[in-house]
Amino acid sequence: MEIREIEAIIEAVLFASGNALSVDRISEIVEVDKNTVRSIIHRMMDYYNYERRGLQIIQLDDCYQLCTRPEYFEYIKKLVQPKQQQGLSKAAMEVLSIIAYNQPITKSSIDYIRGVNSDAALARLLERGLVEEKGRLDAPGKPFLYGTTQEFLRCFGLRSLEDLPILNMNEIPQE
Amino acid sequence: MEKLLFKLEVFEGPLDLLMHLIQKNKVNIYDIPISEITEQYMEYLALMEEMDLDVSSEFLVMAANLLYIKSRMLLPKHSDSEDTDDEDPRQELVDRLLEYQKYKEISQFLSEREGRSQYIFFKEPELLDIEGWEQENLVNLSIDELIKAFYRIVMKNRRKAPPSKKSFKDIVGVEKVSVQSKAKEIIAILKNRSKVLFLELFKNMHSRAEVVAAFLAVLELIKLNRIIVEQRQYSKEIYVSLKGNGEVDGD
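Residue numbers (the working numbering), protein chains in the order written: chain A, 41 to 215; chain B, 5 to 255.
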């Protein structure tokens with residue numbers, strides 16, 4: 041198969057899917073190995089960006105999704121009235137930061153780091169789909185463990201958790 | 005006296021408040037003047053109470069913790085005792101504050117990026133029912149089946165449609181039938197014909213209300229000794245006849 045054909049198939053599949061598609065899945069569909077799929081998609085991304093097309097492909101972990109380019113938001117706005125998503129509270133943002141760096145983490149650990157109860161903030165994050173339950177900790181009470189979702193990456197324009205600034209926890213000098 | 009106006013900042017918790025106090029006093033976080041900071045912390049709590057704000061238990065726990073650290077700082081150190089664990093009593097608090105501070109910075113970073121996706125639009129996935137396409141033979145659909153399908157929809161809609169006004173007539177009929185007028189009617193019938201079948205009295209009645217009124221009228225007339233209700237034998241016909249002249253008085 042020619043590369044151009046593979047590109048066309050990936051484009052069509054991403055459009056039909058709407059959702060983010062994993063490299064695994066795409067490689068199954070086009071019957072090309074994963075590394076080739078990745079490099080082809082990155083070539084497509086570069087091309088879309090260079091040509092400043094109306095659409096772009098974004099990366100979310102090892103998944104790819106087709107969406108519009110933010111520059112053309114003003115024009116899309118004329119077509120539909122976008123929902124005004126209310127920003128997260130300071131508390132919710134703190135909880136989200138703690139989860140992002142320590143996942144999977146229990147609620148009581150979050151509470152300890154913040155020094156304050158985080159029930160409401162955590163509930164809001166779950167409702168927004170930014171975090172989710174990721175099993176339970178094998179400890180008394182079997183508390184839930186929380187982690188961030190793909191929606192979290194999407195919402196904050198991150199390709200993966202590696203895009204988060206590096207947090208050096210050993211900065212505290214020992215006297 | 006001049007009234008002092010406070011602009012009370014809202015803190016996310018005791019650690020947030022402590023960080024604020026440390027920054028405000030420009031003190032070294034590794035060498036917190038615990039006495040001063042504790043004093044200011046307590047002042048703030050008092051202020052919160054004065055303003056009728058809910059002082060959550062976490063703030064109180066931290067207050068107790070600060071006082072504990074302060075008291076430990078006052079105790080003389082036994083430098084040459086067997087207990088070599090001469091860790092600064094503030095150490096744990098400092099660690100927690102530093103860690104918390106990091107996440108505050110991170111949340112700043114996230115706040116700046118929040119809502120980036122607001123300017124991007126995603127498409128809903130196509131409803132792909134490919135299995136259905138492959139299995140069903142779409143060519144063989146006959147007109148008959150189409151008509152049947154349409155008929156089913158019509159029937160379904162009919163069932164869903166609100167019932168007609170007519171079907172409510174017997175339940176919530178506006179017509180009101182008084183027992184008195186029915187009693188008069190019954191007397192009139194009985195005056196014409198001396199003996200009438202009980203069932204005949206209810207002939208040609210349209211509404212439930214009318215039947216009920218007529219029945220009540222019969223009962224009332226029996227009570228008033230105007231009519232006689234007889235039955236020759238069990239489960240045979242019931243006859244109604246006048247007693248005396250059967251006049252119904254004014255009421």
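Ideal placement from N, C-alpha and C gives every residue a C-beta, glycine not left out.
Against chain B, with Cβ distances strictly below 7 Å, would residue i count as a contact?
{"i": "F196 (chain A)", "result": "yes"}
{"i": "F184 (chain A)", "result": "no"}
{"i": "V243 (chain A)", "result": "Since the first residue of chain A shown is 41 and the last is 215, residue 243 (chain A) is not available in this structure."}
{"i": "A48 (chain A)", "result": "no"}
{"i": "I138 (chain A)", "result": "yes"}
{"i": "Q214 (chain A)", "result": "Low local confidence applies: a pLDDT of 37 at Q214 (chain A) is under 50, so the model's placement there is unreliable, with the coordinate-based value given in what follows. Output row for Q214 (chain A): interface = no."}
{"i": "G94 (chain A)", "result": "no"}
{"i": "K130 (chain A)", "result": "yes"}
{"i": "A56 (chain A)", "result": "yes"}
{"i": "E167 (chain A)", "result": "no"}
{"i": "E134 (chain A)", "result": "yes"}
{"i": "G181 (chain A)", "result": "no"}
{"i": "P144 (chain A)", "result": "no"}
{"i": "G127 (chain A)", "result": "yes"}
{"i": "I218 (chain A)", "result": "Residue 218 (chain A) cannot be examined here, being either before or after the span of chain A that is shown, 41 to 215."}
{"i": "F192 (chain A)", "result": "no"}
{"i": "L177 (chain A)", "result": "no"}
{"i": "R44 (chain A)", "result": "no"}
Does DSSP put residue i in a helix, in a strand, or in coil?
{"i": "F126 (chain B)", "result": "strand"}
{"i": "V63 (chain A)", "result": "helix"}
{"i": "E234 (chain B)", "result": "strand"}
{"i": "V200 (chain B)", "result": "strand"}
{"i": "S245 (chain B)", "result": "strand"}
{"i": "I73 (chain B)", "result": "helix"}
{"i": "L150 (chain B)", "result": "helix"}
{"i": "E71 (chain A)", "result": "coil"}
{"i": "V181 (chain B)", "result": "coil"}
{"i": "S57 (chain A)", "result": "helix"}
{"i": "L228 (chain B)", "result": "coil"}
{"i": "D99 (chain B)", "result": "helix"}
{"i": "Q121 (chain A)", "result": "coil"}
{"i": "L64 (chain B)", "result": "helix"}
{"i": "K209 (chain B)", "result": "The question names Lys, yet the displayed sequence has Met at residue 209 (chain B). Three-state result, M209 (chain B): coil."}
{"i": "M41 (chain A)", "result": "coil"}
{"i": "E189 (chain B)", "result": "helix"}
{"i": "K108 (chain B)", "result": "helix"}
{"i": "E47 (chain A)", "result": "helix"}
{"i": "L201 (chain A)", "result": "helix"}
{"i": "K195 (chain B)", "result": "helix"}
{"i": "K240 (chain B)", "result": "coil"}
{"i": "R120 (chain B)", "result": "helix"}
{"i": "R156 (chain B)", "result": "helix"}
{"i": "L223 (chain B)", "result": "helix"}
{"i": "E91 (chain B)", "result": "coil"}
{"i": "L131 (chain B)", "result": "coil"}
{"i": "L79 (chain B)", "result": "coil"}
{"i": "L114 (chain B)", "result": "helix"}
{"i": "D253 (chain B)", "result": "Bear in mind that a pLDDT of 48 at D253 (chain B), under 50, signals an unreliable position, so the model cannot answer this."}
Would a check of beta-carbon distances place residue i closer than 7 Å to chain A?
{"i": "E16 (chain B)", "result": "yes"}
{"i": "P129 (chain B)", "result": "yes"}
{"i": "K106 (chain B)", "result": "yes"}
{"i": "L97 (chain B)", "result": "no"}
{"i": "I36 (chain B)", "result": "no"}
{"i": "F154 (chain B)", "result": "no"}
{"i": "R94 (chain B)", "result": "no"}
{"i": "I124 (chain B)", "result": "yes"}
{"i": "R212 (chain B)", "result": "no"}
{"i": "E118 (chain B)", "result": "yes"}
{"i": "I33 (chain B)", "result": "no"}
{"i": "M23 (chain B)", "result": "no"}
{"i": "I110 (chain B)", "result": "yes"}
{"i": "Q64 (chain B)", "result": "Checking the sequence shown, residue 64 (chain B) turns out to be Leu, not Gln. Chain A, which has no Cβ nearer than 7 Å to the Cβ of L64 (chain B), makes this no."}
{"i": "L19 (chain B)", "result": "yes"}
{"i": "S313 (chain B)", "result": "The first residue shown for chain B is 5 and the last is 255, placing residue 313 (chain B) beyond what the model contains."}
Against chain E, with Cβ distances strictly below 7 Å, would residue i count as a contact?
{"i": "L114 (chain B)", "result": "Reference to chain E is not applicable here, since the protein chains of this structure are A and B."}
Any beta strand (DSSP E) of 3 or more consecutive residues that is wholly inside the region 81 to 119 of chain A: 95 to 100 and 103 to 108
Those runs of the alpha helix (DSSP H) which lie wholly inside the region 124 to 199 of chain A and span at least 4 residues: 130 to 142, 147 to 154, 159 to 167 and 190 to 195
Listed from N- to C-terminal order along the chain, which residues in the region 39 to 61 of chain B have their beta-carbon within a distance smaller than 8 Å of any beta-carbon of chain A? S60
What are the uninterrupted segments assigned as beta strand (DSSP E) that are 3 or more residues long and contained completely in the region 8 to 61 of chain B, given in chain order? none
Taking a cut of 9 Å between CB atoms, which residues from the region 96 to 110 of chain A lie near chain B? Q96, I98, Q105, L106, C107, T108, R109 and P110
Taking a cut of 9 Å between CB atoms, which residues from the region 69 to 80 of chain B lie near chain A? none
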